[in-house]
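Enquirer: Let me give you the structure first, and then I'll get to my questions.
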C-alpha cells in the first residue's frame, strides 16, 4: 500500500492546525486543512481530544490507510528526539508527558510521530517548496507576537556552530536597552506608538491607518537591518525570508530594510513567505521524507 500522505501538525498556544502533504508531488491537499481552538491551560485529556479531532478529520479527507505519519511543529522547550513536552508556561498539563503514548489512544489508527521546533519547521517549509527553494544558506525570521528565527543550510536547520547565533536563533540576543524580541515584535509597535502619542493600538494593522505609520516603520526597519546585518554576513546568507503577521505589512518597511542592509554591505533578496502559516506544517511533514530524516534525526535538538 502506498502511504503517500504525511500530516503536518502545527501546535499553537490556542489552536491546533493540521494539513495533509502529498509526499510524491510535494503539494498540500488544501481541502484537508483542519483547525481546532483550545486552551493551553486545559487538562491533558481535553487537549489531546482537541488535537485528535483535528488530526482524525484531516486523515479522513485523504484516507486513513494512506497516511504514513504525523509531523509536529511545536514550540519549546521540548525534547524533540523523544517526543516529551518540557513546556511549563504553555500547556503545563503536558509537562514531562510522552506525547505519542498519550495521544495515540485518541487517534483513529496508530501512527508514527516526529517532532520539530515550530520556528525550524517554518524555515524548513519555506526552504523546501516556497520562495527559498534552491538557496543554500537561508535565514528565516517570523515577525509577530514574538520574534522567531531559524537558519537553514542545504534544507536542514542549523542550531550550533561558529556561523550561527547562540542556540541558532535571535530572540534572546541583546539589542539596545533590551533583547531582540522586544524590538522585532508587535510589542515594539504598541509601545513606540504609545510613547509618541499617549494612545494605544493593538498592532500594525491599526498603525497603518495613522500618520505615524512611515516614521515607526522606518525606525523598525533600521533597527531590524542593523541587528540582522552581522548575522547574515557571518552565515553568508543567500536569502532572507520573512513570515509572521508583521511581514504582511512589508510594503511599508521594504525600502528602508533593504537600504539599511545595503549600507552594511548585505545585498541579498528579501522575500515574504507565500505559505505563511502553512509553512510550519509543510516543514513538519518533511520529517517523513527519508533523505531529510536521515540528515536531521541525528542533529535534532534535545533541549
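In the numbering used here, the protein residues as written are 5 to 307. C-beta: ideal position from N, C-alpha, C; glycine also.
1) Do you know whose CA, among 122, 124, 74 and 52, lies nearest residue 7's CA?
2) Can you tell me which of the three DSSP states residue 18 falls into?
3) With DSSP collapsed to three states, give me the class of residue 4.
4) For residue 41 and residue 47, I'd like the C-alpha separation in whole angstroms.
5) Beta-carbon separation of residue 131 and residue 159 under 8 angstroms?
6) Let me check one thing: in DSSP terms, what residues is residue 9 bridge-paired to?
7) Tell me which residues share the same chain as residue 308 and place their Cβ nearer than 7 angstroms to its Cβ, disregarding the 5 neighbours each side in the sequence.
8) Mind pulling the beta strand (DSSP E) runs of 3 or more residues that sit fully within the stretch 124–192?
9) Excluding sequence positions up to five away, which residues of its chain have a Cβ less than 8 angstroms from the Cβ of residue 102?
10) Compare the Cα-Cα distances from residue 276 to each of 72, 227, 143 and 288 and report the closest residue.
11) Any chance the CB of residue 80 is under 7 angstroms from a heavy atom of the ligand MG?
12) Count the other CB atoms within 10 Å of the CB of residue 255; is the residue buried (16 or more) or exposed (fewer)?
13) Using a Cβ-Cβ cutoff of less than 7 angstroms, which residues in the same chain neighbour residue 98 once the five nearest sequence positions on both sides are dropped?
14) Under three-state DSSP, which class holds residue 113?
15) How far does the alpha helix (DSSP H) with residue 218 in it reach, from first residue to last?
16) Are the Cβ atoms of residue 58 and residue 22 separated by less than 8 angstroms?
17) For residue 108, which residues in the same chain have their Cβ closer than 7 angstroms to its Cβ, ignoring the five residues on either side in sequence?
18) Please state whether the Cβ-Cβ distance between residue 120 and residue 288 is less than 8 angstroms.
19) Name the one or two DSSP bridge partners that residue 271 has.
20) From residue 268 to residue 233, what does the alpha carbon distance come to, in whole angstroms?
Expert: Looking at the atomic coordinates:
1) The candidate whose alpha carbon is nearest that of residue 7 is 74.
2) Residue 18: coil per DSSP, three-state reduction.
3) Nothing about residue 4 can be read from this structure; the chain reaches only from 5 to 307.
4) Going from the Cα of residue 41 to the Cα of residue 47 covers about 14 angstroms.
5) Against a cut-off of 8 angstroms, the Cβ pair of residue 159 and residue 131 comes out as a contact.
6) Paired residue(s): 26 and 71.
7) Nothing in the structure corresponds to residue 308, since the chain is present only between 5 and 307.
8) Assignment of beta strand (DSSP E) within the stretch 124–192, counting only whole runs of 3 or more residues, yields 141–147, 151–157 and 160–162 in chain order.
9) Answer for residue 102: 86, 87 and 88, listed in chain order.
10) Of 72, 227, 143 and 288, the residue nearest in Cα terms is 143.
11) The model on display carries no ligand, and the ligand MG is accordingly not part of it.
12) Residue 255 should be labelled exposed.
13) Same-chain partners within the cutoff: 48, 51, 89 and 91.
14) Assigned with DSSP and collapsed to three states, residue 113 falls in coil, not helix or strand.
15) Looking at the DSSP string, the run of the alpha helix (DSSP H) that includes residue 218 is 217–239.
16) At the C-beta level, residue 58 and residue 22 come within 8 angstroms of one another.
17) Excluding positions up to five away in sequence, the list reads 114.
18) Taking 8 angstroms as the Cβ cut-off, residue 120 and residue 288 qualify as a contacting pair.
19) Residue 271 pairs with nothing; no bridge assigned.
20) Residue 268 and residue 233 have their alpha carbons spaced roughly 6 angstroms apart.
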